[in-house]
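First up is the structure itself, then whatever we jot down about it.
Chains as they are written, first to last, in this note's numbering: chain A, 1133 to 1248; chain B, 106 to 219.
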């Protein structure tokens, strides 16, 4: 079974540039999460979906960040105008909620973003 | 809001020695959180090490153990004898009952030397 895949693995931008991150969850997983992990901190939830619906985006900086999951499978996270404070690793995770409500989340390798 | 505290940013231990990594939590919005330890080995993604759903119970995996202590709001990770291959970053996390949203601690980097 293939795991969660993310691309690109690395990105380096100047302030003000845009960037998109792509995530392919494990097949059949209905819930998808995006986390931001600054250096030397734990992952912090940005947004999550169940199928194509956004369930919680309260931690997403809505003026510059957006996330979609149009068919309930792959997802894209976009930063419109990056700032130095966005420098972090962006993690995607997926989970199947059909059985055990405490099922683990499966994480991708992450995209390491550096904004100069 | 909910929070997880890992007091040690880095721990260095000699191979075959015992280990404890501290984790305490505050779950103001969740009555009975689920507790997790995730691990990231060098060059790999985050993966679940162990989880405990019920207060008072212990989880174990790969020689590691953690007990869900509701009174002390703690979930310390322990191992009796560490190996070099245990060198990794360990994250304590708590999750909601329904949607599985996770709140993580900052992580503890474990370095085991021979």
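Note that CB positions come from ideal geometry on N, CA and C, so glycine has one too.
Nothing here was measured: the structure is a model prediction, and the numbers come from that model.
**Study point:** Own chain, CB closer than 8 Å to residue 198 of chain B, minus 5 neighbours either side, in chain order
**Key:** Working through the second chain from its first residue, we reach residue 198 of chain B at position 93. Within the same chain, Cβ atoms closer than 8 Å to the Cβ of residue 198 of chain B are found at 109, 140, 141, 142, 143, 207, 208, 209, 210, the five residues on either side in sequence being excluded.
Review point. Taking all protein chains shown into account, do 16 or more other C-beta atoms lie within 10 angstroms of the C-beta of residue 157 of chain B, making it buried, or fewer, making it exposed?
Key: Translated into the one-based positions of the second chain, residue 157 of chain B becomes position 52. Of the residues assessed, residue 157 of chain B falls on the buried side of the cut-off, its CB having 16 or more other CB atoms within 10 angstroms.
Review point. Assuming residue 1204 of chain A and residue 1183 of chain A make a contact with CB atoms under 8 Å, what is their CB distance in whole Å?
Key: Position 72 of the first chain holds residue 1204 of chain A. Position 51 of the first chain holds residue 1183 of chain A. A Cβ-Cβ separation of about 4 Å places residue 1204 of chain A in contact with residue 1183 of chain A under the 8 Å criterion.
Check your understanding: In its own chain, which residues sit with a C-beta less than 7 Å from the C-beta of residue 212 of chain B, not counting the 5 before and 5 after it?
Key -> Counted from its first residue, the second chain places residue 212 of chain B at position 107. These residues qualify, in order along the chain: 111, 194, 195, 196.
Check your understanding: DSSP on residue 190 of chain B, reduced to helix/strand/coil?
Key -> Here residue 190 of chain B is taken as the residue at index 85 of the second chain, counted from 1. Helix.
**Study point:** Endpoints, the beta strand (DSSP E) within which residue 209 of chain B is located
**Key:** Here residue 209 of chain B corresponds to residue number 104 of the second chain, with the count starting at 1. Run containing residue 209 of chain B: 207-209, per the beta strand (DSSP E) assignment.
Practice item. Compare the C-alpha of residue 1223 of chain A against each of B:184, B:150, B:154 and name the closest. Key: Taking the first chain and counting its residues from 1, one reaches residue 1223 of chain A at position 91. Selected option, being the one with the closest Cα: B:150.
Check your understanding: Taking the beta strand (DSSP E) that residue 162 of chain B falls in, what are its first and last residues?
Key -> Taking the second chain and counting its residues from 1, the one referred to as residue 162 of chain B is at position 57. In the DSSP assignment, residue 162 of chain B falls outside any beta strand (DSSP E) and carries neither an H nor an E.
Check your understanding: If you follow the beta strand (DSSP E) that residue 175 of chain B is part of, which residue opens it and which one closes it?
Key -> Within the second chain, numbered from 1, the residue matching residue 175 of chain B stands at position 70. No beta strand (DSSP E) holds residue 175 of chain B; DSSP gives it neither H nor E.
Review point. At a Cβ threshold of 8 Å, is residue 1142 of chain A touching chain B?
Key: Taking the first chain and counting its residues from 1, one reaches residue 1142 of chain A at position 10. It does not; no Cβ of chain B falls within 8 Å.
Check your understanding: On the premise that residue 1156 of chain A lies in contact with residue 1137 of chain A, defined as a C-beta separation below 8 Å, what is that separation, rounded to the nearest angstrom?
Key -> Within the first chain, the letter at position 5 stands for residue 1137 of chain A. Within the first chain, the letter at position 24 stands for residue 1156 of chain A. Contact between residue 1137 of chain A and residue 1156 of chain A is confirmed by a C-beta separation of about 5 Å, below the 8 Å threshold.
Review point. Hey, quick one: how far does the beta strand (DSSP E) through residue 1219 of chain A stretch, first residue to last?
Key: Working through the first chain from its first residue, we reach residue 1219 of chain A at position 87. Segment: none, residue 1219 of chain A is in no beta strand (DSSP E) and carries neither H nor E.
Check your understanding: Does any C-beta atom of chain A lie closer than 8 Å to the C-beta of residue 167 of chain B?
Key -> Taking the second chain and counting its residues from 1, one reaches residue 167 of chain B at position 62. Not closer than 8 Å to any Cβ of chain A, the Cβ of residue 167 of chain B fails to qualify, so no.
Point to revise | Beta-carbon separation (whole angstroms), residue 201 of chain B vs residue 130 of chain B, contact threshold 8 Å | key: Translated into the one-based positions of the second chain, residue 201 of chain B becomes position 96. Translated into the one-based positions of the second chain, residue 130 of chain B becomes position 25. About 13 Å; that fails the 8 Å criterion.
**Study point:** Through-space distance from residue 160 of chain B to residue 1134 of chain A, alpha-carbon basis
**Key:** By 1-based counting over the first chain, the position of residue 1134 of chain A is 2. By 1-based counting over the second chain, the position of residue 160 of chain B is 55. The straight-line gap from Cα to Cα measures roughly 33 Å.
Check your understanding: If you measure from the CB of residue 1240 of chain A, is any heavy atom of the ligand ADP nearer than 7 Å?
Key -> Within the structure as shown, the ligand ADP is missing, as the structure has no ligands at all.
Review point. Just to confirm, are residue 1177 of chain A and residue 1191 of chain A a CB contact at a threshold of 8 Å?
Key: Translated into positions along the first chain, residue 1177 of chain A becomes position 45. Translated into positions along the first chain, residue 1191 of chain A becomes position 59. Yes, they are a contact pair.
Exercise for review: Compare the beta carbon distance of residue 1279 of chain A and residue 1248 of chain A with 8 Å and say whether it is the shorter of the two.
Suggested key: Summary: the structure shown does not reach residue 1279 of chain A, with chain A confined to residues 1133 through 1248, and so no result is reported for it.
Exercise for review: Check the Cβ-Cβ distances between residue 1156 of chain A and every residue of chain C, and say whether any is below 8 Å.
Suggested key: The structure shown contains no chain C; its protein chains are A and B.
Practice item. Can you tell me which of the three DSSP states residue 144 of chain B falls into? Key: Residue 144 of chain B sits at position 39 when you count from the first residue of the second chain. Correct three-state label for residue 144 of chain B: strand.
Review point. Helix, strand or coil: which one does DSSP assign to residue 132 of chain B?
Key: Residue 132 of chain B sits at position 27 when you count from the first residue of the second chain. Residue 132 of chain B carries a coil assignment under DSSP once its states are collapsed to helix, strand and coil.
Review point. How far does the beta strand (DSSP E) with residue 125 of chain B in it reach, from first residue to last?
Key: Counting from one through the second chain, the residue named residue 125 of chain B turns up at place 20. Counting along the chain, the unbroken beta strand (DSSP E) around residue 125 of chain B starts and ends at 124-126.
Check your understanding: Would residue 1180 of chain A be called buried (16 or more neighbouring beta carbons within 10 Å of its own) or exposed?
Key -> Position 48 of the first chain holds residue 1180 of chain A. With at least 16 other beta carbons inside 10 angstroms of its own, residue 1180 of chain A counts as buried.
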